[in-house]
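So the structure is just underneath, and the comments pick up after that.
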DNA sequence: AGCGCATCTTTACACTGTTCAGATTGTGCG
DNA sequence: CGCACAATCTGAACAGTGTAAAGATGCGCT
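Protein chains in written order, with the numbering used here: chain A, 1 to 215; chain B, 216 to 430.
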């Protein structure tokens, strides 16, 4: 009769769904203290469990973080989907929306974002993580293909577009959560809609206006 | 008679130039283990000094890291200057070179780069750090001004260009040291010159080709 | 029913950053 | 010149960290 509620307290010796509970607790711990001050013992304490309980499920702290990053990519893709669904049918508008979702995610889960894209504590050879990260990239390449009519995997110019757009979205996202873009004071004073349009314009600068060779 | 050599061993009780020595040791420690596994005690051990010796000079570990980040911006700017000096007189070529220097730095000092741009252990209110970071940004705005003929600080469209270029360079740099761009297999097989040209093209997509209003 | 095994706790250890009292040395002031 | 003071560094101690090893617990299967 184990409830699926993850933050529950268990009076029984066995927890029931400790794995999910630990992931949830780890995520709030991560967003609270950041990766650099992340504490496994603190996570265990949140779930009212001994410090070594996570060991069996995740091996060690990095294992837990790796699993957390994997799950992060699902949220990441969902957040992009949400933006895309509101974007109409124009392929470029969809791509821009996807980029805005990229930035949305970074703003909503900055520490998780950093864990996924800039942490060394994550096991990049982990199959789940690799697959999740791959799915995110494939989303991008399909947008480019819809726009350019060529698959980036077989066309270098289209691949260049993909990397350019990725770089722009990623850079804007990373600088945003570092609060570096506040330097442009006019950005802070902008409405959400204007800011979205501003970012969209920049993101779309990544796609080349004319494919030179279609190989 | 204190030599200015920083990695020396002192037989005397007082060190002589412990501050610089600690910074040097901290930098190699940082590049060796990354921020997430950075250890102050290990730094002290490198200089053959007690674990509490750094306290007086930097307050605490974050203080040391903040000083390290400040110094990092100097190297950062120098690395961009080096690229620019080889770039000829065309303002766009200079801007692209500056962006390549941005990426050069990230590749050469990945952990320091992350400390400067993505760490929470750094005191952003620190005057030295703020000034150093500001200088780096001013370098960018001057490039844009040289190209567009308008100061980004007084023209929003020029500022948009600055942020776009910054986002692109930063995104490419960050993704590069995360080894994410290896997905585009053709990038790995490229010569340095081709890769530079490839990145330059992408970076220059950030500058708008025609200023709409010159406010 | 009861055995096996996954799950969780307890204990212990090495390591971390920081504080505090004391040792050592350079420096300025008389 | 001498001496007290201030700056600098050490040593010991403390709370906190991750992880390994051994023991406790109870779920599920035969």
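Where is the CB? At the ideal position from N, CA and C, for every residue including glycine.
(Q) Measuring only the C-alpha atoms, how far is residue 87 of chain A from residue 394 of chain B? (A) Translated into the one-based positions of the first chain, residue 87 of chain A becomes position 87. Translated into the one-based positions of the second chain, residue 394 of chain B becomes position 179. One C-alpha to the other measures close to 31 Å.
Q.
Going by C-alpha to C-alpha distance, which of B/318, B/234, B/377 sits closest to residue 297 of chain B?
A. For the purposes of this step, residue 297 of chain B is taken as residue 82 along the second chain, with counting starting at 1. Among B/318, B/234, B/377, the Cα nearest to that of residue 297 of chain B belongs to B/318.
(Q) Which of the three DSSP states is assigned to residue 365 of chain B in this structure? (A) Counting from 1 along the second chain, the entry for residue 365 of chain B is found at position 150. DSSP places residue 365 of chain B in coil when its eight states are reduced to three.
Q) Just how far apart, CA to CA, sit residue 135 of chain A and residue 192 of chain A? A) For the purposes of this step, residue 135 of chain A is identified with residue 135 of the first chain, where counting begins at 1. For the purposes of this step, residue 192 of chain A is identified with residue 192 of the first chain, where counting begins at 1. Approximately 28 Å between the Cα atoms of the pair.
**Q.** Entirely enclosed alpha helix (DSSP H) segments - the region 332-378 of chain B, minimum 4 residues
**A.** Along the length of the region 332-378 of chain B, whole alpha helix (DSSP H) runs at least 4 residues long occupy 342-363, reported in chain order.
Q) Which whole-angstrom value describes the C-beta separation of residue 321 of chain B and residue 355 of chain B, a residue pair presumed to lie in contact below a C-beta threshold of 8 Å? A) Working through the second chain from its first residue, we reach residue 321 of chain B at position 106. Working through the second chain from its first residue, we reach residue 355 of chain B at position 140. 15 Å between Cβ atoms; not a contact.
(Q) Could you check whether residue 120 of chain A and residue 249 of chain B sit closer than 9 Å to each other, using their CB atoms as the reference points? (A) Numbered from its first residue, the second chain carries residue 249 of chain B at position 34. Numbered from its first residue, the first chain carries residue 120 of chain A at position 120. Taking a C-beta distance under 9 Å as the contact criterion, residue 249 of chain B and residue 120 of chain A qualify as a contact pair.
**Q.** Residues near residue 218 of chain B by beta carbon distance below 7 Å, same chain, minus five either side
**A.** Position 3 of the second chain, counted from the start, is the residue given in the question as residue 218 of chain B. The pLDDT assigned to residue 218 of chain B is 32, lower than 50, so where the model puts this residue is not dependable; a value taken from the coordinates is nonetheless given after this. For residue 218 of chain B, there are no CB contacts under 7 Å within the same chain when 5 residues up- and downstream are skipped.
Q.
What does the alpha-carbon distance come out to for the pair residue 256 of chain B and residue 84 of chain A?
A. Here residue 256 of chain B is taken as the residue at index 41 of the second chain, counted from 1. Here residue 84 of chain A is taken as the residue at index 84 of the first chain, counted from 1. If you take the alpha carbons of residue 256 of chain B and residue 84 of chain A, they lie about 49 Å apart.
Q. At which residue ranges does the region 11-46 of chain A contain complete alpha helix (DSSP H) runs of 4 or more residues, listed in the order of the chain?
A. As far as the region 11-46 of chain A is concerned, its whole alpha helix (DSSP H) runs of at least 4 residues are 18-33, 40-46.
**Q.** Buried/exposed call for residue 314 of chain B, threshold 16 Cβ in 10 Å
**A.** Walking along the second chain from the start, residue 314 of chain B turns up at place 99. Classification for residue 314 of chain B: buried.
Q: Kindly give me the distance between the Cβ atoms of residue 251 of chain B and residue 36 of chain A, rounded to whole angstroms, as I take these residues to be in contact under 8 Å.
A: In the second chain, the residue the question calls residue 251 of chain B occupies position 36. In the first chain, the residue the question calls residue 36 of chain A occupies position 36. By a beta-carbon distance limit of 8 Å, residue 251 of chain B contacts residue 36 of chain A. Their separation comes to about 6 Å.
(Q) Measuring only the C-alpha atoms, how far is residue 380 of chain B from residue 420 of chain B? (A) Translated into positions along the second chain, residue 380 of chain B becomes position 165. Translated into positions along the second chain, residue 420 of chain B becomes position 205. The straight-line gap from Cα to Cα measures roughly 8 Å.
Q | Burial state of residue 149 of chain A (16 or more Cβ within 10 Å) | A | Residue mapping note: residue 149 of chain A aligns to position 149 of the first chain, counting from 1. By the 10 Å Cβ count, residue 149 of chain A comes out exposed.
Q. Hey, out of B/260, B/400, B/278, whose CA is closest to residue 159 of chain A's CA?
A. Start at 1 with the first residue of the first chain, and residue 159 of chain A comes out as number 159. The residue with the shortest Cα to Cα distance from residue 159 of chain A is B/400.
Q | Of the listed residues A/195, A/169, A/128, A/124, nearest to residue 80 of chain A (C-alpha basis) | A | Indexing the first chain from 1 puts residue 80 of chain A at position 80. It is A/169.
Q) Candidates A/21, A/90, A/173: which alpha carbon is nearest residue 49 of chain A's? A) In the first chain, residue 49 of chain A corresponds to position 49, counting from 1. When each option's Cα is compared against that of residue 49 of chain A, the closest is A/21.
Q) Is there at least one Cβ from chain B nearer than 9 Å to residue 151 of chain A's Cβ? A) One-based indexing of the first chain puts residue 151 of chain A at position 151. For residue 151 of chain A, the answer is no, since every Cβ of chain B falls outside 9 Å of its Cβ.
Q. Ends of the alpha helix (DSSP H) at residue 301 of chain B?
A. Numbered from 1 along the second chain, position 86 holds the residue referred to as residue 301 of chain B. From DSSP, residue 301 of chain B is part of no alpha helix (DSSP H); its letter is neither H nor E.
Q.
Am I right that residue 199 of chain A and residue 172 of chain A are in contact with their C-beta atoms under 8 Å? What's the rounded C-beta distance?
A. As a first step, residue 199 of chain A must be located in the first chain, where it is residue number 199. As a first step, residue 172 of chain A must be located in the first chain, where it is residue number 172. That belief holds up - the Cβ atoms of residue 199 of chain A and residue 172 of chain A are roughly 6 Å apart, short of 8 Å.
Q. What residues from the region 388-410 of chain B come within 7 Å of chain A, judged by C-beta to C-beta, listed N to C?
A. Shown in chain order are the members of the region 388-410 of chain B whose Cβ falls below 7 Å from a Cβ of chain A: 389, 390, 393, 396, 398, 399, 401.
(Q) Short of 9 Å Cβ to Cβ, which residues in the region 131-149 of chain A face chain B? (A) For the region 131-149 of chain A, the residues whose beta carbon sits under 9 Å from a beta carbon of chain B are, in order, 133, 134, 137.
Q) In chain B, what lies closer than 7 Å to residue 23 of chain A by C-beta? A) The sequence position of residue 23 of chain A within the first chain is 23, counting from 1. Chain B residues near residue 23 of chain A: none, gap ~19 Å exceeds 7 Å.
Q) What does residue 250 of chain B reach in chain A if we use C-beta pairs closer than 8 Å? A) Locating residue 250 of chain B in the second chain gives position 35, counting from the first residue. Result: 36.
Q | As assigned by DSSP and simplified to three states, the class of residue 71 of chain A | A | Residue mapping note: residue 71 of chain A aligns to position 71 of the first chain, counting from 1. Three-state DSSP puts residue 71 of chain A in a helix.
Q) Quick one: complete alpha helix (DSSP H) runs, 4+ long, within the region 161-213 of chain A? A) Secondary structure within the region 161-213 of chain A: the alpha helix (DSSP H) runs of 4 or more consecutive residues, fully enclosed, are 185-188, 192-204 (chain order).
Q | residue 271 of chain B, buried or exposed, once every other Cβ within 10 Å from all chains shown has been counted against 16 | A | Looking up residue 271 of chain B in the second chain gives position 56. Of the other Cβ atoms in all chains shown, fewer than 16 fall within 10 Å of the Cβ of residue 271 of chain B; this residue is therefore exposed.
Q) Which of the three DSSP states, helix, strand or coil, is assigned to residue 57 of chain A? A) As a first step, residue 57 of chain A must be located in the first chain, where it is residue number 57. In the structure shown, residue 57 of chain A sits in a helix (DSSP, three-state: H, G or I).
(Q) Can you find the residues in the same chain that come closer than 8 Å, C-beta to C-beta, to residue 277 of chain B, ignoring five residues on each side of it along the sequence? (A) On the second chain, position 62 is the one that residue 277 of chain B refers to. Excluding sequence neighbours, residue 277 of chain B sits near 336, 337, 338.
Q) Using a C-beta cutoff of 9 Å, does residue 430 of chain B count as contacting chain A? A) One-based indexing of the second chain puts residue 430 of chain B at position 215. Below a pLDDT of 50, predicted positions are generally treated as unreliable, and residue 430 of chain B, at 41, falls in that range; no measurement from the model is reported.
Q | Span separating the alpha-carbon of residue 344 of chain B from that of residue 328 of chain B | A | Translated into positions along the second chain, residue 344 of chain B becomes position 129. Translated into positions along the second chain, residue 328 of chain B becomes position 113. For residue 344 of chain B and residue 328 of chain B, the distance between alpha carbons rounds to 14 Å.
Q. Got a sec: is the Cβ-Cβ distance from residue 104 of chain A to anything in chain B below 9 Å?
A. Along the first chain, one-based indexing puts residue 104 of chain A at 104. The beta-carbon of residue 104 of chain A is placed no less than 9 Å from the nearest beta-carbon of chain B.
Q.
I'd like the span of the alpha helix (DSSP H) that includes residue 319 of chain B, first residue to last.
A. Sequence index remark: in the second chain, residue 319 of chain B carries index 104 (1-based). Looking at the DSSP string, the run of the alpha helix (DSSP H) that includes residue 319 of chain B is 306-323.
Q. With residue 284 of chain B and residue 330 of chain B assumed to form a contact (beta carbons below 8 Å), what rounded beta-carbon distance in angstroms separates them?
A. Here the question's residue 284 of chain B lines up with position 69 in the second chain. Here the question's residue 330 of chain B lines up with position 115 in the second chain. About 5 Å; that satisfies the 8 Å criterion.
(Q) Can you list, in chain order, the residues of its chain with a C-beta nearer than 6 Å to that of residue 367 of chain B? Leave out the 5 residues immediately preceding and following it. (A) The residue given as residue 367 of chain B occupies position 152 in the second chain. Same-chain partners within the cutoff: 356, 359, 373, 374, 377.
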